[in-house]
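S.K.:
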Ligand code: MN
Ligand code: MN
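Dropping the structure here:
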């Protein structure tokens, strides 16, 4: 046995996969953005917590019959996040743009939800499917126009409300609800997902997005119930289970996705279970993209 065999991995990489950047199909990028958090900060520690959790999960997805090690991922590390939000989002947009130019699908590990704005802005044409307890549709929050609570409003202004679908909603203010109703922005309440089931939800989402070729998927971990994912910036009761979340996402992967982010893991608020859930969701979504039919 060589001494190197005694090490489990050389550095923190998602799934421990030593991917080849040129050949990779998926570019994994940590975005430790944690600037506008209002309740519980700490999502800057999310990317490495998810990577660490991923090293201790089996990489085989029984739902799809595929192994994440075989899917072609390359984890390029974390984006430099400096103090200014605008500059960081611009750099993020550039990195995502380069990934798209080289025909790779970007997978961003957050970080706070505001990073979705930087990712989506890199696409010339895309619809956004968001799993989140919140709508993130406020015009401003605490005097700030661009934050985790408002970025979806900014995207709605530039993309149009018909290009946004929100699933798992259960925490909002009257202003957000009125905007969604007035603009005809499709949202599905958490209680409806739970009561009507995954097949109903999948059909609702597919009907709403059928005319758009490219869909960007964003998963705010607070869409899960806090009993499954307590370490998030803004936990909200009555959320989804990991099983129903993956039951919904799997068939939605049949048309592929333009990009993915998973955000708002603030790992210091639990003993590790939220990061494990996050890694499990990412492994499975990557496998679903190869195999959207359930088994
Ligand atoms: Mn959010
Ligand atoms: Mn949220």
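Residue numbers (the working numbering): 3 to 297. Backbone N, C-alpha and C fix where the C-beta goes; we use that ideal spot for every residue, glycine too.
(1) If we ignore side chains and look at the alpha-carbon of each, how far apart do residue 279 and residue 162 end up?
(2) Could you name the residues of the same chain whose beta carbon sits closer than 6 Å to that of residue 187, not counting the 5 residues immediately before and after it, in chain order?
(3) Three Cβ pairs or more, each shorter than 8 Å: is that satisfied between the stretch 76 to 89 and the stretch 16 to 24?
(4) According to DSSP, what are the bridge partners of residue 188?
(5) Anything with a beta carbon under 7 Å from a heavy atom of ligand 1 counts; list them all in chain order.
(6) Report, in whole angstroms, the separation of the C-beta atoms of residue 106 and residue 29, which I expect to be a contact under 8 Å.
(7) Hey, would you say the C-beta of residue 58 is under 7 Å away from at least one heavy atom of ligand 2?
(8) Is the stretch 78 to 95 touching the stretch 173 to 192, taking contact as three or more C-beta pairs under 8 Å?
(9) I'd like to know if the stretch 118 to 136 and the stretch 53 to 71 are in contact, where contact means that at least 3 CB-CB pairs between them fall below 8 Å.
(10) Can you tell me whether DSSP reads residue 48 as helix, strand or coil?
(11) Since residue 254 and residue 204 should fall inside the 8 Å C-beta cutoff, what is the C-beta to C-beta distance between them, to a whole number of angstroms?
(12) Which residue's Cα is closest to the Cα of residue 134: 110, 241 and 216?
(13) Grouping DSSP H, G and I as helix and E and B as strand, with all else coil, what is residue 251?
(14) Distance check for residue 108 and residue 70, CA to CA, integer angstroms please.
(15) Quick check: what's the CA-CA separation for residue 68 versus residue 155?
(16) Can residue 129 and residue 102 be called in contact, C-beta distance under 8 Å?
(17) Taking the alpha helix (DSSP H) that residue 121 falls in, what are its first and last residues?
(18) By a C-beta neighbour count over all protein chains shown, 10 Å radius and 16 as the cutoff for buried, is residue 158 buried or exposed?
(19) To which residues of the same chain is residue 230 closer than 7 Å at the C-beta, ignoring the five residues directly before and after it?
M.R.: Put simply:
(1) Residue mapping note: residue 279 aligns to position 277 of the chain shown, counting from 1. Residue mapping note: residue 162 aligns to position 160 of the chain shown, counting from 1. So the two alpha carbons sit approximately 32 Å from each other.
(2) Taking the chain shown and counting its residues from 1, one reaches residue 187 at position 185. So the qualifying residues of the chain are 163 and 166.
(3) Touching, yes, given that three or more Cβ pairs across the two stretches are closer than 8 Å.
(4) Start at 1 with the first residue of the chain shown, and residue 188 comes out as number 186. Looking at the DSSP assignment, residue 188 forms a beta bridge with 167.
(5) Residues with their Cβ less than 7 Å from any non-hydrogen atom of ligand 1, running along the chain, are 115, 134, 136, 138, 150, 222, 224, 265 and 266.
(6) Here residue 106 refers to the residue found at position 104 when the chain shown is read from its first residue. Here residue 29 refers to the residue found at position 27 when the chain shown is read from its first residue. Yes, residue 106 and residue 29 are in contact; Cβ-Cβ is about 4 Å, under 8 Å.
(7) For the purposes of this step, residue 58 is identified with residue 56 of the chain shown, where counting begins at 1. At a cut-off of 7 Å, the beta-carbon of residue 58 does not count as near ligand 2: no heavy atom of the ligand is closer than that.
(8) Taking 8 Å as the limit for Cβ pairs, the verdict is that the stretch 173 to 192 does not touch the stretch 78 to 95.
(9) The stretch 118 to 136, when compared against the stretch 53 to 71, does not touch it at the 8 Å Cβ threshold.
(10) In the chain shown, the residue the question calls residue 48 occupies position 46. Residue state, collapsed to three classes: helix.
(11) Residue numbering aside, residue 254 sits at position 252 when the chain shown is read from its first letter. Residue numbering aside, residue 204 sits at position 202 when the chain shown is read from its first letter. Correct: roughly 6 Å between the Cβ atoms.
(12) Numbered from 1 along the chain shown, position 132 holds the residue referred to as residue 134. Among 110, 241 and 216, the Cα nearest to that of residue 134 belongs to 241.
(13) Locating residue 251 in the chain shown gives position 249, counting from the first residue. In the structure shown, residue 251 sits in a helix (DSSP, three-state: H, G or I).
(14) As a first step, residue 70 must be located in the chain shown, where it is residue number 68. As a first step, residue 108 must be located in the chain shown, where it is residue number 106. Spanning the two alpha carbons is a distance of roughly 15 Å.
(15) Translated into positions along the chain shown, residue 68 becomes position 66. Translated into positions along the chain shown, residue 155 becomes position 153. Approximately 37 Å, taken between the alpha carbons.
(16) Taking the first residue of the chain shown as 1, we reach residue 129 at position 127. Taking the first residue of the chain shown as 1, we reach residue 102 at position 100. No, they are not a contact pair.
(17) Position 119 of the chain shown, counting from 1, holds the residue named residue 121. It spans 117 to 122 - the alpha helix (DSSP H) in which residue 121 sits, taken as one unbroken run.
(18) As a working mapping, residue 158 is identified with position 156 in the chain shown. Around the Cβ of residue 158, a 10 Å sphere holds 16 or more other Cβ atoms; the residue is buried.
(19) Taking the first residue of the chain shown as position 1, residue 230 is located at position 228. Excluding sequence neighbours, residue 230 sits near 243, 244 and 279.
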